[in-house]
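With my numbering applied, the sequence shown corresponds to residues 241 to 371, in that order. Here is the structure we will look at.
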Amino acid sequence: MHPLERGALPPVGAENVVFITRPNLDNMDIIAENIKHEEKSGGGSGVKTEFHIVFVPRKSLLCEKRLVEGGVLGSLSCSSLPAYLFPLDTDLLSMELPNAYRDVVLGDPTSLHYAATALTRLQAVTGTIPR
């Protein structure tokens with residue numbers, strides 16, 4: 241496992257490379273750069289590498305469009321992992337959205353949608369949350 245960074249991917253002789261990321265346009269640019277660099281260099285190991293992106297918690301059409309603009313969407317497969325809440329302790333759940341307040345203030349309600357979905361799913365598992 242390696243953090244998402246600009247430039248070339250670390251040398252690995254793997255057949256599959258999986259990017260696990262939030263649907264963020266900056267991350268799509270980095271992923272496109274990684275894939276282009278890997279395809280240009282040929283991987284170096286002689287193994288055909290397949291690329292996959294797992295969006296957490298869901299895919300974004302805007303991100304897929306950015307991958308099309310980057311010319312790499314045909315080189316990878318996209319899927320979603322609907323993980324909205326992450327347990328930090330036995331009685332503490334976090335959405336791990338550090339920019340949620342800023343996004344809402346700037347007019348992007350996506351984090352509010354994630355919060356509503358997380359609460360709905362939590363209630364589906366644990367029962368209705370009392371007032």
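Note that the Cβ used here is the ideal one computed from N, Cα and C, for glycine as well. Since the model is a prediction, treat every value here as computed from it, not as a measurement.
Pick from the options: whose alpha carbon is nearest that of residue i?
| i | options | result |
| --- | --- | --- |
| E290 | H242, E255, I271 | E255 |
| M268 | K280, L301, P251, S281 | L301 |
| N339 | E245, V257, R262 | R262 |
| K276 | V257, I293, V312 | V312 |
| S351 | L359, T360, L337 | L337 |
| V258 | R246, G247, H242 | H242 |
| K299 | L328, S319, G310, K288 | S319 |
| Y341 | G367, V365, H353 | H353 |
| S281 | T330, P251, D343 | P251 |
By Cβ distance, which residues of its chain are closer than 6 Å to residue i, with the 5 residues on each side in sequence left out?
| i | result |
| --- | --- |
| N274 | L249 |
| G310 | A272 |
| C303 | P263, M268 |
Leaving aside the five residues before and after residue i along the sequence, list all residues of the same chain whose C-beta is less than 7 Å from its C-beta, in chain order.
| i | result |
| --- | --- |
| I369 | Q363 |
| I260 | V294, V296 |
| P327 | L333 |
| D343 | T350, S351 |
| R361 | Y324 |
Using the Cβ count rule (16 or more neighbours within 10 Å means buried), how would you classify residue i?
| i | result |
| --- | --- |
| E278 | buried |
Residue i and residue j: beta carbons closer than 8 Å?
| i | j | result |
| --- | --- | --- |
| P322 | P297 | yes |
| L186 | L346 | What is shown of the chain runs 241 to 371, which leaves residue 186 out entirely. |
| M335 | A358 | yes |
| H292 | S317 | yes |
Looking only at its chain, what residues have a beta carbon closer than 8 Å to the beta carbon of residue i, apart from the 5 residues adjacent to it on each side?
| i | result |
| --- | --- |
| R306 | L265, M268, D269, A272 |
Continuous alpha helix (DSSP H) assignments of at least 4 residues falling wholly in the segment 276-357: 301-309, 340-345
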